[in-house]
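Working notes for the structure below.
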Amino acid sequence: MTHETNMTYSKFVKRWEEVVDIPPQTLGPLTPYYKKIVRRLKVMPWPELVFCSLVLAIGLYLLIGSAITFLVSLLQKGF
0 MTHETNMTYS KFVKRWEEVV DIPPQTLGPL TPYYKKIVRR LKVMPWPELV
50 FCSLVLAIGL YLLIGSAITF LVSLLQKGF
């Protein structure tokens, strides 16, 4: 290889390392909690998703009572 090609390749590698080397994201004081949640969700998300949906459904039922059936019917008609 010529010297010019070698320099171009070196510049390319240097720029590539700058672009690819991204620091880990942080959420400030919430970072440890985020890492705990994401670690569990990456392995097996279904139990957490089912639990959250049940809590949400029960919460909506407690919040708006039997009007939840009207809301669900209304949303189903919209789709």
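FYI, the numbering for the sequence shown is 0 to 78, going by numbering that gives the first Met the number 0. No residue lacks a Cβ here, since even glycine has one placed at the ideal position from N, Cα and C. From a predicted model like this one, the values you see are computed outputs, not experimental measurements.
Inset, instruction - Whole angstroms is fine: what's the gap from residue 18's alpha carbon to residue 5's? - result: 20 Å
Legend entry - Enclosing alpha helix (DSSP H) for residue 11 [first to last residue]: 2-19
Inset, instruction - Would you kindly work out how many angstroms separate the C-alpha atoms of residue 79 and residue 52, rounded to a whole number? - result: This structure cannot speak to residue 79, because the chain is shown only from 0 to 78.
Legend entry - Own chain residues within Cβ distance below 7 Å of residue 47, not counting five before or after: 39 and 40
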